[in-house]
Amino acid sequence: MPVQVGGSKVAEPRARVELSPTAVADKGRASSKKFRRRQKKATSSLSPMQRLFDTSKEVFAGSSPGFVPPPDAVARLSGLLNDLKPQDVGVDSNMTYFKHADSRGPPRVSYLHFYDCPKFSFGIFCLPKSAVIPLHNHPGMTVFSKILFGSMHLKSYDWAKSSPDSNDNALENSDGARLAKVNTDAVFDASAETVVLYPENGGNLHCFTALTPCAVLDVLGPPYDRDDGRDCSYYDESPFLSSCGGDEQYSWLKEVPTNFEMKGTQMPRKFSI
1 MPVQVGGSKV AEPRARVELS PTAVADKGRA SSKKFRRRQK KATSSLSPMQ
51 RLFDTSKEVF AGSSPGFVPP PDAVARLSGL LNDLKPQDVG VDSNMTYFKH
101 ADSRGPPRVS YLHFYDCPKF SFGIFCLPKS AVIPLHNHPG MTVFSKILFG
151 SMHLKSYDWA KSSPDSNDNA LENSDGARLA KVNTDAVFDA SAETVVLYPE
201 NGGNLHCFTA LTPCAVLDVL GPPYDRDDGR DCSYYDESPF LSSCGGDEQY
251 SWLKEVPTNF EMKGTQMPRK FSI
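Numbering-wise, my numbering puts 222 at position 222 of the sequence shown, and it's gapless, one number per residue.
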């Protein structure tokens with residue numbers, strides 16, 4: 001109720017309400033939950049391509065040669081990629097990229113390039129049936145790979161840190177080949193979760209062989225950069241014969257020149273940077 005002072009009405013001061021520490025904490029939690037709900041709603045309204053760009057930008061914010069994102073960041077980007085569908089990124093198996101147009105040569109691999117910066121890049125490899133991306137490396141890089149559709153054989157290696165043969169500790173042979181340990185040798189399809197490889201492990205050297213037409217989305221950081229010593233190298237495999245047996249598999253990998261080429265296509269940008 002207003003009170004009269006010197007002919008003027010002023011509002012009666014309101015009583016101060018003291019909140020208990022518990023009430024203050026409850027109010028803070030409620031505000032925090034409300035903020036997270038608003039944030040989640042805003043994020044869910046973004047297009048899949050925008051979420052992919054935004055998340056990749058956050059995950060690779062500190063990217064440099066040898067950079068490994070923290071586990072929670074790896075899980076976040078992997079989870080986003082696991083949920084992506086071909087239509088989210090504008091590809092389907094009827095596109096010409098997945099057809100073997102010229103039977104006189106091997107099927108040609110295409111790369112749909114969406115974005116790159118010094119921190120990271122992402123795009124889609126399009127492989128017709130029987131197409132091969134030869135064994136190659138990713139120097140100093142962390143790479144997320146997700147099959148969007150199709151089926152392929154993946155074989156990957158990491159450089160060996162010791163020889164499995166107790167009679168020979170050499171990690172390089174007289175031919176200049178280096179010893180590498182098999183990380184993965186299996187068939188994957190779109191039901192498989194995102195494969196992540198790291199600068200020193202996880203299958204940093206790998207090759208793809210398409211068993212059906214397939215599309216693979218790659219997010220990697222930092223990108224290849226020949227001027228910075230991160231060019232792509234290709235390798236031939238030869239057997240490593242060990243006298244010790246064991247379940248682990250090894251091969252000699254020798255860097256070789258290659259005439260492998262991909263057709264690159266710059267895709268229209270469907271997200272804001």
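For each residue, glycine too, the CB sits at the ideal point set by N, CA and C.
- Cβ contact annotation for residue 61 (same chain, cutoff 8 Å, sequence separation greater than five): 119, in chain order.
- Burial is judged here by how many other beta carbons sit within 10 angstroms of a residue's own beta carbon; residue 150 has at least 16 and is buried.
- Excluding the 5 residues flanking it on each side, residue 131 has same chain C-beta neighbours closer than 6 Å at 107, 109, 210, in chain order.
- Around the beta carbon of residue 128, a 10 Å sphere encloses 16 or more other beta carbons of the protein chains shown; the residue is thus reported as buried.
- Three or more beta-carbon pairs drawn from the stretch 196-208 and the stretch 170-186 are found closer than 8 Å, and the two stretches are therefore classed as touching.
- Taking the Cβ atoms as the reference, residue 194 lies roughly 16 Å from residue 121, outside the contact range of under 8 Å.
- Taking 8 Å as the upper bound for CB-CB distance, residue 91 and residue 135 are not in contact here, some 25 Å apart.
- Take the alpha-carbon of residue 174 and the one of residue 53: they are about 45 Å apart.
- Closest in C-alpha terms to residue 155, from the list 262, 251, 55, 191, comes 251.
- Within a 10 Å sphere around the beta-carbon of residue 273 sit fewer than 16 other beta-carbons, which makes this residue exposed.
- Here residue 45 is exposed, its C-beta having fewer than 16 other C-beta atoms within 10 Å.
- Under the DSSP assignment, residue 78 falls in the alpha helix (DSSP H) whose first and last residues are 71-83.
- Around the beta-carbon of residue 112, 16 or more other beta-carbon atoms lie within 10 Å, marking it buried.
- Pairing residue 232 with residue 47, the inter-Cα distance amounts to about 32 Å.
- If you draw a straight line from the Cα of residue 75 to the Cα of residue 104, it is about 43 Å long.
- Counting along the chain, residue 50 sits inside no beta strand (DSSP E); it lies in the alpha helix (DSSP H) bounded by residues 48-59.
- DSSP places residue 67 in the coil class of the three-state scheme, outside both helix and strand.
- When the Cα atoms are used, residue 49 and residue 84 turn out to be separated by approximately 9 Å.
- According to the DSSP assignment, residue 111 belongs to the beta strand (DSSP E) that extends over 110-116.
- DSSP, reduced to helix, strand and coil, places residue 134 within a strand of the structure shown.
- DSSP places residue 87 within a helical segment (H, G or I) once states are collapsed to three.
- In the DSSP assignment, residue 126 falls within the beta strand (DSSP E) that extends over 121-127.
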